[in-house]
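Here is the structure we will look at, set down as structure tokens.
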Amino acid sequence: KNEVEQSPQNLTAQEGEFITINCSYSVGISALHWLQQHPGGGIVSLFMLSSGKKKHGRLIATINIQEKHSSLHITASHPRDSAVYICAVSTRGYGGSQGNLIFGKGTKLSVKP
Amino acid sequence: KAGVTQTPRYLIKTRGQQVTLSCSPISGHRSVSWYQQTPGQGLQFLFEYFSETQRNKGNFPGRFSGRQFSNSRSEMNVSTLELGDSALYLCASSPGTQTGGYTFGSGTRLTVV
Chain A
1 KNEVEQSPQN LTAQEGEFIT INCSYSVGIS ALHWLQQHPG GGIVSLFMLS SGKKKHGRLI
61 ATINIQEKHS SLHITASHPR DSAVYICAVS TRGYGGSQGN LIFGKGTKLS VKP
Chain B
1001 KAGVTQTPRY LIKTRGQQVT LSCSPISGHR SVSWYQQTPG QGLQFLFEYF SETQRNKGNF
1061 PGRFSGRQFS NSRSEMNVST LELGDSALYL CASSPGTQTG GYTFGSGTRL TVV
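Sequence lines, in order, name chains A and B.
Counting in this note's numbering, the first sequence runs from 1 upward without gaps.
Counting in this note's numbering, the second sequence runs from 1001 upward without gaps.
Shown next, in the form of structure tokens:
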């Protein structure tokens, strides 16, 4: 069993729909990250969470530490949101170490106009 | 503010050769971590450097090595290349604090023939 599980693996939505991507993890973490990867490979960090909820524009990320679960929501989805969304967790580091990043397999989102 | 710079962007090497990839972090960031991305395995952690010291290492053979210089620039080296080393290699920099997030470079796409 993978230490970080994401669902769904693939998601197709119509423009304007509300989208939810889920992430569950089984290890102790210092933080959880949501990343976005467009074709061509570049990765953008969307959120870093250790508790609660964060919002940036149309994106909302939540985390429940007790249940070891996080969700990424996209409101009013748009074709430019089409990308792979990756959940990753930081294991506990020490000193200046960030620890390891353990990644989920990613969710490929396609938003149709 | 300049981002994370990885060079080269693309590389083709022959089996048995060695390769060196470079990563220049964001100015002031002291932690550099490296990742391998393949279609089969997804993203996997290679190693992390902080203040010229390797702080964490992923589950990769000794053919994969790295170093960090006093200006925080980092290099990774892969010796005796195998076909399975063909991948996108990404580096990320961070301030080196538990509250600092990651900024990823655009990656180096290595093809081993």
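C-beta atoms are modelled at their ideal positions from N, C-alpha and C, and glycine is treated no differently.
Supposed contact pair serine 1086 (chain B) and arginine 1009 (chain B) - C-beta distance, whole angstroms, cut 8 Å: That belief does not hold up - the Cβ atoms of arginine 1009 (chain B) and serine 1086 (chain B) are roughly 15 Å apart, past 8 Å.
Does any C-beta atom of chain A lie closer than 8 Å to the C-beta of phenylalanine 1069 (chain B)? no
Starting from phenylalanine 103 (chain A), trace the beta strand (DSSP E) in both directions and tell me its first and last residue. 101-103
Do proline 1025 (chain B) and serine 1079 (chain B) have their CB atoms nearer than 8 Å? no
So is glutamine 1018 (chain B) buried or exposed if we call it buried at 16+ other beta carbons inside 10 Å? exposed
Taking Cβ positions only, does histidine 33 (chain A) come closer than 8 Å to chain B? yes
Find out if the Cβ-Cβ distance for the pair leucine 46 (chain A), leucine 59 (chain A) is shorter than 8 Å. yes
Under a Cβ-count criterion, where at least 16 other Cβ atoms within 10 Å of its own Cβ denotes burial, should alanine 76 (chain A) be classed as buried or exposed? exposed
N- and C-terminal bounds of the beta strand (DSSP E) containing glutamate 1052 (chain B): Careful: glutamate 1052 (chain B) lies outside any beta strand (DSSP E) and carries neither H nor E.
With a 10 Å radius around its C-beta and 16 neighbouring C-beta atoms as the bar for buried, classify arginine 1055 (chain B) as buried or exposed. buried
Is the shortest distance between the beta-carbon of asparagine 1056 (chain B) and the beta-carbons of chain A less than 8 Å? yes
Short of 9 Å Cβ to Cβ, which residues in the segment 39-52 of chain A face chain B? Gly40, Gly41, Gly42, Ile43, Val44, Ser45, Phe47, Met48 and Ser50
Name the chain B residues whose beta carbon is nearer than 8 Å to that of asparagine 10 (chain A)? The contacting residues do not exist; asparagine 10 (chain A) stays about 14 Å from chain B at best.
By the three-class DSSP mapping on this structure, what secondary structure does glycine 52 (chain A) have? strand
From which residue to which residue does the beta strand (DSSP E) around lysine 1013 (chain B) run? 1010-1013
Beta strand (DSSP E) segments (min. 3 residues) lying fully within the segment 44-88 of chain A: 52-56, 59-64 and 69-74
Inter-residue CB distance, glutamine 1036 (chain B) and leucine 1046 (chain B) (contact presumed, cutoff 8 Å): 6 Å
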